[in-house]
Amino acid sequence: MSPIPGVQLVRRADGSVAQLHALGMLKDGGRWLAYGEIKTRGSRFGGICCYATEDFVHWRDLGCALPAGEPGGMTSPERIVERPRVLRCPANGLYVMYLHVDGEGDYRYAHVGTAVSERPEGPFRPLSTMRFGMNASRDIFAFQDWDGSGYLVSEDRDQGTHIYRLSRDYLSLVEDLVCRRGQDGRFGYESPILLHRGDWYYWFGSQLTGWDCNDNMVSVSRDLRGPWSPWKPVAPPGTQTYQSQCDAIVPLSEDPALPCLYIGDRWRPDHLGESPLVTLPILIDDGCVRLLWREQWDPGKGWR
Numbered sequence: 225m226s227p228i229p230g231v232q233l234v235r236r237a238d239g240s241v242a243q244l245h246a247l248g249m250l251k252d253g254g255r256w257l258a259y260g261e262i263k264t265r266g267s268r269f270g271g272i273c274c275y276a277t278e279d280f281v282h283w284r285d286l287g288c289a290l291p292a293g294e295p296g297g298m299t300s301p302e303r304i305v306e307r308p309r310v311l312r313c314p315a316n317g318l319y320v321m322y323l324h325v326d327g328e329g330d331y332r333y334a335h336v337g338t339a340v341s342e343r344p345e346g347p348f349r350p351l352s353t354m355r356f357g358m359n360a361s362r363d364i365f366a367f368q369d370w371d372g373s374g375y376l377v378s379e380d381r382d383q384g385t386h387i388y389r390l391s392r393d394y395l396s397l398v399e400d401l402v403c404r405r406g407q408d409g410r411f412g413y414e415s416p417i418l419l420h421r422g423d424w425y426y427w428f429g430s431q432l433t434g435w436d437c438n439d440n441m442v443s444v445s446r447d448l449r450g451p452w453s454p455w456k457p458v459a460p461p462g463t464q465t466y467q468s469q470c471d472a473i474v475p476l477s478e479d480p481a482l483p484c485l486y487i488g489d490r491w492r493p494d495h496l497g498e499s500p501l502v503t504l505p506i507l508i509d510d511g512c513v514r515l516l517w518r519e520q521w522d523p524g525k526g527w528r
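Note that the numbering used here has the sequence shown beginning at 225, numbered continuously upward.
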């Protein structure tokens, strides 16, 4: 693989910035697909784009996976629609996209939105929005375990961050497995990530500090239902996760001596459409996590 830069502003063939914000990742054969928010209109919904990469250095534009829809609908261009995450459902072969769907300029709606497609690059068809009971849902993450079962991690703000079990068709929330608050006990963590590697589950999240970066945290467990370990910083305390917010952790190899790929957003609030990605090595093995700073790095090189 090519050396991966520690920070990169991905560009399309025409020179414009690739819209890979708050991205979700899906393995598709020998390539990875990245689904990103289109932020050329600021915080309002501009659609979800899809890019393919084999090495996380070169990216191919596959077009708009989910365009903005009609006013008043789930994908209205006036809504706040964020955090695209895609799973392939083993039961029916469909690709399901999950979204944080909120109101037209506010965060009072707080639902999970779903869209489906027969192809991983789309186009996706919007279906509906949902909640588990009366629980609000803001930042989300979709996770498929080793046995094909699906889960959705969802930040609630009032109660904490939940792990929900998905139905067999991946289109509804059927069980609230666990709900946790952050280290200070006030809220859950946003921008969640769930990863299963070796004998451990790893739960990552970002503290609630608005547009300001913070020390993102991780907790580990041998079972999704817990018990979960106390939250610990992913990177050296005070580095504010190297000025980023976690989006995805990509296992590049089964070898625990080799790093995974950490992908995070480095937001530019006044120019969201030009926010770069932070793409750093993260060591994950036997319940331990360490994010490393590198200007560029070789994914085939270990640092044990």
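Built from N, CA and C at the ideal position, the CB exists for glycine as well.
In this structure, I487 and F428 do not form a Cβ contact; the two beta carbons are roughly 11 Å apart against a cut-off of 8 Å. L515 counts as buried, since at least 16 other C-beta atoms from the protein chains shown sit within 10 angstroms of its C-beta. D393 and A315 have their C-alpha atoms spaced approximately 6 Å apart. The beta carbons of S267 and I304 sit about 6 Å from each other, so the pair counts as a contact at 8 Å. H245 and G260 have their C-alpha atoms spaced approximately 5 Å apart. The beta carbon of R404 is closer than 7 Å to those of G384, T385, G412, W452 in its chain, skipping five residues each way along the sequence. In the three-state DSSP reduction, L496 falls in the helix class (H, G or I). Here L418 really is in contact with V377; their C-beta atoms are around 5 Å apart, less than 8 Å. Secondary structure within the segment 304-392: the beta strand (DSSP E) runs of 3 or more consecutive residues, fully enclosed, are 305-312, 319-325, 335-341, 349-354, 364-368, 374-379, 385-390 (chain order).
For Q464, the enclosing alpha helix (DSSP H) covers residues 464-467. Exclusion of the five residues before and after A237 leaves D285 as the residues of its chain whose Cβ lies within less than 8 Å of its Cβ.
In its chain, beyond the 5 residues on either side, Q520, W521, D522 have a beta carbon closer than 7 Å to the beta carbon of P227.
The beta carbon of R332 lies closer than 8 Å to those of D326 in the same chain, with the five residues before and after it left out.
Each of C288, F356, Q243 was checked against the Cα of V398, and the nearest Cα belongs to F356.
Between V310 and G248, the CB-CB gap stays under 8 Å. Annotated as distal: A276 and R307, with beta-carbon spacing of 8 Å or more.
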